[in-house]
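Residue numbers (this note's numbering): 5 to 216.
Idealized CB from N, CA, C, for every residue including glycine.
In this text the structure is predicted, and so the values were computed from the model without any measurement.
To start, the structure under review is shown below, and the notes come after it.
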Amino acid sequence: MLTFDDGYLDNWVHAYPVLQAHGLTALCFLVTSWIGEGPARAHAGAGGTLPPLLNHRAGEVAIENGEADRAILRWSEIDAMRDAGTFEFHSHTHSHVRWDQVSFNADEKCAGLERDLHDARTTLETRLGAISDHLCWPQGYYDDDYRRVAYQAGFRHFYTCEKGSNYPGNDGSAVRSITRLEVRDRSASWLASRLWIHTRPAISRAYLRIKR
5 MLTFDDGYLD NWVHAYPVLQ AHGLTALCFL VTSWIGEGPA RAHAGAGGTL
55 PPLLNHRAGE VAIENGEADR AILRWSEIDA MRDAGTFEFH SHTHSHVRWD
105 QVSFNADEKC AGLERDLHDA RTTLETRLGA ISDHLCWPQG YYDDDYRRVA
155 YQAGFRHFYT CEKGSNYPGN DGSAVRSITR LEVRDRSASW LASRLWIHTR
205 PAISRAYLRI KR
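Printed below as a string of structure tokens:
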């Protein structure tokens, strides 16, 4: 499974045409308050002048300065990728705030997260006509309170930043945490080696024990 977090513009400009060319699909987790309006911009598979792309840190600064459109997808681009069947879109919350870091106590943390999840689900249902039970934790953080609040909000599949493999039947609970390999500025050979390791359960478990 291929996943993309945050909904950055390069998902449209480069990832979308590459996935289309190879007949692949992916999941994209959207921070709904960052998404803008406007016509779809050019992408690498359609010709034309491509929009400038910011690196990750520059994108974060643009978002902080209220210029999310320079770094993040527009609804028109999301609609085009969804209509093509190349991407599914799911929740990465509405604000991407770490409520454990900005709250004075557990009650305030839970209330903030509950509002955040509600706003994201409402936005996705309004714009896409449907909502799912898949949620990606902002910055990969979660605790027991986060899981409880998200479960009460209707989520059942939680995407983490923890390394590891996922196998059919290896989590019998109603709530499933999904581990992932973070691929950022890595070579193809690095990815190939990790895929070889983590598609072999015994080797994967041994490798992770050694790494830890």
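- Beta-bridge pairing by DSSP links E92 to L31.
- For the pair of segments examined, the segment 19-39 was found to touch the segment 77-95: the number of CB pairs separated by less than 8 Å reaches three.
- In the DSSP assignment, L139 falls within the unbroken beta strand (DSSP E) covering 138-140.
- As a beta-bridge residue in DSSP terms, H161 pairs with H138, R180.
- Rounded to the nearest whole angstrom, the C-alpha separation of H18 and A192 is 17 Å.
- For D149, the enclosing alpha helix (DSSP H) has its first and last residue at 148-156.
- Counting along the chain, no alpha helix (DSSP H) covers D9; the unbroken beta strand (DSSP E) around it starts and ends at 7-10.
- A residue is called buried when at least 16 other Cβ atoms come within 10 angstroms of its Cβ; Y145 does not meet this threshold and is exposed.
- If the five residues before and after W103 are omitted, its C-beta is found closer than 6 Å to the C-beta atoms of K113, G116, L117, all from its own chain and listed in chain order.
- In the DSSP assignment, G40 is bridged to R78.
- Close CB contacts of S136 within its chain, under the 6 Å cut and outside five residues either way in sequence, are with H94 (chain order).
- At a Cβ-Cβ threshold of 9 Å, T53 and A62 do not count as neighbours.
- In terms of Cβ geometry, D73 and G51 do not form a close pair [threshold 9 Å].
- Membership of K113 in the alpha helix (DSSP H) is indicated by the continuous run 110-132.
- Of the residues assessed, S197 falls on the exposed side of the cut-off, its CB having fewer than 16 other CB atoms within 10 angstroms.
- By the Cβ neighbour-count rule, I39 is buried, with 16 or more other Cβ atoms within 10 Å of its own.
- The beta carbon of W141 sits closer than 8 Å to those of Y150, F162, Y163, T164, C165, all from its chain and outside the five residues before and after it, given in chain order.
- With a threshold of 16 other beta carbon atoms within 10 Å, D14 meets it and is buried.
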